[in-house]
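The opening position of the sequence shown corresponds to residue 8 in this note's numbering, with each subsequent residue numbered one higher.
Inspection log for the structure reproduced underneath, given as structure tokens.
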Amino acid sequence: MKTKHLFNAVTSLATLLLLSTITLAQKDGPPPPNKEKRGERQMERRENIETMKIGFITKKLDLTPEEAEKFWPVYNQYNTKLQDIRKKRREDFRDAKQKFDELSDKEVEMAIDNDMICRQKELDIQKEYHAKFKTVLSVKKVARLYEAEEQFKMELLNKLKDKPPVRE
């Protein structure tokens with residue numbers, strides 16, 4: 008009888024140890040994404056998109072080499088300024104959205120006012136560079152530029168919509 012209890016105790020202990028070892032050996036799912044690698048992939052994607060955009064706009068505007076030489080430095084400054092403002096706007100919006108319920112009415116109003124200020128800055132940059140674009144391109148090509156930017160955005164959105172989301 009004593010041997011039987013000892014055997015049951017040893018068997019139970021061995022089973023418990025085996026199960027705990029198996030449980031500990033299992034992973035909790037995929038490892039967390041490496042932030043550095045994710046940042047590199049995002050930067051690479053942005054660069055690819057910018058390259059596609061340059062090709063798209065160049066084709067749509069039918070730029071001569073002389074026009075391209077004058078146009079692209081101006082356009083790159085324009086694009087950089089807009090990206091900086093849009094980045095700030097996204098960050099401000101994300102911050103406000105994360106703590107929206109905790110904000111007072113005054114703070115919400117201030118966040119909205121700041122968003123309006125950012126939008127006005129975007130418009131100011133667009134007006135400023137509209138005048139600069141007219142000094143390096145014909146008015147018709149400037150109009151085509153704006154149309155090409157919109158077309159590129161739509162094409163990019165359609166491509167992204169058709170692709171399955173990337174899991175990281």
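Using N, Cα and C, we set each Cβ at its ideal position, and we do this for glycine too.
Kindly indicate the opening and closing residues of the alpha helix (DSSP H) around residue i.
i, result
"residue 142", "112 to 143"
"residue 100", "72 to 105"
"residue 147", "146 to 169"
What residues in its chain sit with their C-beta under 6 Å from that of residue i, if we drop five residues either side in the sequence?
i, result
"residue 162", "none"
Rounded to whole angstroms, what's the CA-CA distance from residue i to residue j? Just pull it up for me.
i, j, result
"residue 160", "residue 72", "25 Å"
"residue 60", "residue 47", "20 Å"
"residue 105", "residue 112", "15 Å"
"residue 102", "residue 79", "34 Å"
"residue 165", "residue 156", "14 Å"
"residue 123", "residue 51", "31 Å"
"residue 144", "residue 135", "15 Å"
"residue 152", "residue 109", "43 Å"
"residue 43", "residue 132", "33 Å"
"residue 116", "residue 69", "46 Å"
"residue 114", "residue 100", "12 Å"
Near residue i, what residues of its chain come up, given a Cβ to Cβ distance below 7 Å and the 5 sequence neighbours on each side ignored?
i, result
"residue 125", "92, 95 and 96"
"residue 75", "65"
"residue 130", "none"
"residue 49", "none"
Answer with buried or exposed for residue i, where buried requires no fewer than 16 other C-beta atoms within 10 angstroms of its C-beta.
i, result
"residue 170", "exposed"
Is there a Cβ of chain C sitting closer than 7 Å to that of residue i, yes or no?
i, result
"residue 133", "In summary, chain C is missing from the structure at hand, where a single protein chain is found."
So, do the region 80 to 92 and the region 130 to 140 have three or more beta carbon pairs nearer to each other than 8 Å?
-> yes
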